[in-house]
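First residue of the sequence shown? That's 740 in our numbering, and the numbers climb one at a time after it. Where a beta carbon is used, it is the ideal one built from N, C-alpha and C, also for glycine.
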Amino acid sequence: MCVLRVTSSDQSFSEQLRSSKLNPYLTFEKGDPVTAKSAKQRTDYGFSIDVSKRAWSDLDAQIQDAIKFLDTHQAELATIIKSHESVEMTLDVPYEAKGHFVQTNFLPPELISLAASLKIGIALSLYSREEE
């Protein structure tokens with residue numbers, strides 16, 4: 740379940756998202772509570788979007804979905820970057836540990852190039868595989 744997280748310390752995304760083709764599952768404003776029961780407040784503006792709903796065990800499919808998503812939404816994401824003085828984007832790619840002594844995973848140049856052109860960082864979140 741690959742996710743794109745976008746935050747800004749200086750400006751809300753709410754106006755842009757109203758007319759956007761992006762479909763975030765989470766949006767928040769500076770000052771909003773971090774969780775429904777939390778007294779802690781958010782210190783920035785932001786939103787999160789599902790990029791891939793593939794299983795953590797299917798890293799290759801998540802990567803292909805991410806390439807397609809970035810390619811499809813490249814212009815709109817570039818507009819978001821240009822319209823905010825301070826914006827941070829992170830593509831969070833969760834994947835499963837295979838239980839080997841060494842695990843090497845590959846990110847293709849196409850994904851790295853697309854992400855870099857939009858100043859998007861890539862986080863690889865490695866999770867232990869549940870015992871069956």
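In this structure the stretch 849-863 does not touch the stretch 761-773; the number of beta carbon pairs closer than 8 angstroms is below three.
Around the C-beta of Q780, fewer than 16 other C-beta atoms lie within 10 Å, and the residue is accordingly described as exposed. The DSSP-derived three-state label of F752 is coil. T746 sits in a strand when the DSSP states are folded into three classes. In the three-state reduction of the DSSP assignment, L863 falls in the strand class, which pools E and B. DSSP, reduced to helix, strand and coil, places P847 outside both helices and strands of the structure shown, so it counts as coil. Cβ-Cβ separation between Q755 and I819: approximately 6 angstroms, consistent with a contact (criterion under 8 angstroms).
Under the DSSP assignment, D799 falls in the alpha helix (DSSP H) whose first and last residues are L798 to K821. Shown here, S856 sits in a helix according to DSSP, grouped into three states.
Taking C-beta atoms as the reference points, R868 and G838 count as a pair closer than 9 angstroms. For the 9 angstroms CB-CB criterion, V790 and A805 form a contact.
Among the bridge pairs identified by DSSP, D831 is matched with V742 and A862.
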